[in-house]
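Visitor:
In this note's numbering, the protein residues as written are 150 to 473.
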């Protein structure tokens, strides 16, 4: 069984470490500003940054746990630890980040307090935007690569690497939250209406809730078992069909077990005249071809089977490969 490539793990970890460092600095500055000014939106932003710090620690823990070698109780490894902790992160954003922000906003509307020393808030928001912006740009470049910005949302939906796109979504929500906090503080001071600061806190909570729902939706599919990309599935089928001695690819099932790990099971029909030693040699050749073309294939099962037998026992709604 192969494991995630060190380069891929290092890149993913660097994104998380940079985001964690930025959020720690931002959280400290936000809480200091909230204590000085009494701003509800700034307090919500401080809670938001603390939740982000906890999330990054959990993501690092999930990445660490996913490196554990397979054993008797987990024969395909612990790769899905990344997906589990990513799902937990989505729940934390929703419950603590969004929940506390909305609660704080409602309380500030019920009992409004004027903001003191708003210039302190502006300075902290500017510094926070600088820190978050650096983390956001770094993560965006790592995640997007050379692909166009128009494909960004589709990349998030189809990504198999939750830690990276979660950090990107968190940073995006953080930048939007900072803009909302600035607007709330500025308008509450300019219009002498502290209720607007509480309204900004509620808007920050709604922003976090939408982010959390997107994170939970995307990580849930990976957690319960999601197929590898169609390009990888088609490539594996082509490799099998081009191997001498393989008469037909009956079916193919792929499961993404970690960001850089895939389990593959395939049913193949071989030429009738082949003997057992020849079958073994063909299977070894095919395994080597797949491993060279797709090192992320960590586990590969090949079942020699006639097409008639496969058709007889396959599920009525076959999730495997369907011939064009």
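We put the beta carbon where it would ideally sit given N, CA and C, even for glycine.
Is it buried or exposed, residue 229, if we count other Cβ atoms within 10 angstroms and call 16 or more buried?
Guide: Working through the chain shown from its first residue, we reach residue 229 at position 80. So residue 229 ends up on the buried side.
Visitor: I need the straight-line Cα distance from residue 437 to residue 446, nearest angstrom please.
Guide: Numbered from 1 along the chain shown, position 288 holds the residue referred to as residue 437. Numbered from 1 along the chain shown, position 297 holds the residue referred to as residue 446. Approximately 11 Å between the Cα atoms of the pair.
Visitor: Please classify residue 340: is it buried, with 16 or more other beta-carbons within 10 angstroms of its beta-carbon, or exposed?
Guide: On the chain shown, residue 340 is found 191 positions in, with the first residue counted as 1. Looking at its Cβ environment, which holds fewer than 16 other Cβ atoms inside 10 Å, residue 340 is exposed.
Visitor: Looking at chain B, is there any beta carbon in it that lies within less than 8 Å of the beta carbon of residue 321?
Guide: The structure shown has no chain B; it contains just one protein chain.
Visitor: Any chance you could list the alpha helix (DSSP H) runs of at least 4 consecutive residues sitting entirely within the region 188-257, in chain order?
Guide: You should have 189-215 and 230-241.
Visitor: Per DSSP, which residues does residue 163 bridge with? Please list them.
Guide: Residue mapping note: residue 163 aligns to position 14 of the chain shown, counting from 1. According to DSSP, which records beta bridges pairwise, residue 163 is partnered with nothing at all.
Visitor: Identify the residues that DSSP records as bridge partners of residue 397: which are they?
Guide: Within the chain shown, residue 397 is the residue found at index 248, counting from 1. Beta-bridge pairing links residue 397 to 418.
Visitor: According to DSSP, simplified to helix, strand and coil, what is residue 476?
Guide: In this structure the chain extends from 150 to 473, so residue 476 is not present and cannot be described.
Visitor: Under the rule that 16 or more other beta-carbon atoms within 10 Å means buried, what is residue 253, buried or exposed?
Guide: Counted from its first residue, the chain shown places residue 253 at position 104. It counts as buried.
Visitor: What residue from 404, 234, 289 and 287 has the CA that sits closest to residue 211's CA?
Guide: In the chain shown, the residue the question calls residue 211 occupies position 62. Checking every option, the nearest Cα to that of residue 211 belongs to 234.
Visitor: Excluding the 5 residues flanking residue 463 on each side, which residues of the same chain have their C-beta closer than 6 Å to its C-beta?
Guide: Residue mapping note: residue 463 aligns to position 314 of the chain shown, counting from 1. Within the same chain, residue 463 has no close Cβ partners at all.
Visitor: Apart from the five residues on each side of it in sequence, which residues of its chain come closer than 7 Å, Cβ to Cβ, to residue 197?
Guide: Position 48 of the chain shown, counting from 1, holds the residue named residue 197. The answer, listed in chain order, is 246, 250, 323, 326, 353 and 357.
Visitor: Am I right that residue 238 and residue 364 are in contact with their C-beta atoms under 8 Å? What's the rounded C-beta distance?
Guide: Within the chain shown, residue 238 is the residue found at index 89, counting from 1. Within the chain shown, residue 364 is the residue found at index 215, counting from 1. With a Cβ gap of about 7 Å, residue 238 and residue 364 count as contacting.
Visitor: Do residue 348 and residue 258 count as a contact pair if the criterion is CB distance below 8 Å?
Guide: Start at 1 with the first residue of the chain shown, and residue 258 comes out as number 109. Start at 1 with the first residue of the chain shown, and residue 348 comes out as number 199. Yes, these two residues count as a Cβ contact at 8 Å.
Visitor: Just how far apart, CA to CA, sit residue 248 and residue 190?
Guide: For this step, residue 248 is matched to residue 99 along the chain shown. For this step, residue 190 is matched to residue 41 along the chain shown. Whole-angstrom Cα-Cα distance: 13 Å.
Visitor: Mind checking which residues open and close the beta strand (DSSP E) that includes residue 442?
Guide: As a working mapping, residue 442 is identified with position 293 in the chain shown. First-last for residue 442: 425-442, but that is the alpha helix (DSSP H), not the beta strand (DSSP E).
Visitor: I need the DSSP call for residue 449, collapsed to helix, strand or coil.
Guide: Numbered from its first residue, the chain shown carries residue 449 at position 300. Residue state, collapsed to three classes: strand.
Visitor: Let me know the secondary structure DSSP gives residue 402 once reduced to three states.
Guide: Working through the chain shown from its first residue, we reach residue 402 at position 253. Note: residue 402 maps to strand in three-state DSSP.
Visitor: Quick one: what's got a C-beta closer than 7 Å to residue 195's C-beta in the same chain, skipping five residues either side?
Guide: Counting from 1 along the chain shown, the entry for residue 195 is found at position 46. Counting only Cβ-Cβ distances below 7 Å, and skipping sequence neighbours, we find 176, 179, 180 and 183.
Visitor: How would you write the range of the alpha helix (DSSP H) that residue 383 sits in, first residue to last?
Guide: Taking the chain shown and counting its residues from 1, one reaches residue 383 at position 234. Start and end: 379-390.
Visitor: DSSP three-state call for residue 458: helix, strand or coil?
Guide: Position 309 of the chain shown, counted from the start, is the residue given in the question as residue 458. Note: residue 458 maps to helix in three-state DSSP.
Visitor: Can you tell which of 163, 171 and 186 has the C-alpha that lies nearest to the C-alpha of residue 331?
Guide: Residue mapping note: residue 331 aligns to position 182 of the chain shown, counting from 1. Among 163, 171 and 186, the Cα nearest to that of residue 331 belongs to 186.
Visitor: Alpha carbon to alpha carbon, how far is residue 227 from residue 220? Give it in angstroms, no decimals.
Guide: Position 71 of the chain shown, counted from the start, is the residue given in the question as residue 220. Position 78 of the chain shown, counted from the start, is the residue given in the question as residue 227. The straight-line gap from Cα to Cα measures roughly 9 Å.
Visitor: Just the C-alpha distance for residue 313 and residue 382, rounded to the nearest angstrom, thanks.
Guide: Residue mapping note: residue 313 aligns to position 164 of the chain shown, counting from 1. Residue mapping note: residue 382 aligns to position 233 of the chain shown, counting from 1. Each residue's Cα considered, the two are about 23 Å apart.
Visitor: Buried or exposed for residue 232, going by 16 or more other Cβ atoms inside 10 Å?
Guide: On the chain shown, residue 232 is found 83 positions in, with the first residue counted as 1. Result: buried.
Visitor: So, helix, strand or coil for residue 341, using DSSP?
Guide: The residue given as residue 341 occupies position 192 in the chain shown. Three-state result, residue 341: coil.
Visitor: Here's a check: name, in chain order, each residue in its chain whose Cβ is nearer than 7 Å to the Cβ of residue 442, leaving out the five neighbours to either side.
Guide: Locating residue 442 in the chain shown gives position 293, where the first residue counts as 1. These residues qualify, in order along the chain: 384 and 388.
Visitor: So, with DSSP's three-state summary, where would you put residue 168?
Guide: For the purposes of this step, residue 168 is identified with residue 19 of the chain shown, where counting begins at 1. Note: residue 168 maps to helix in three-state DSSP.
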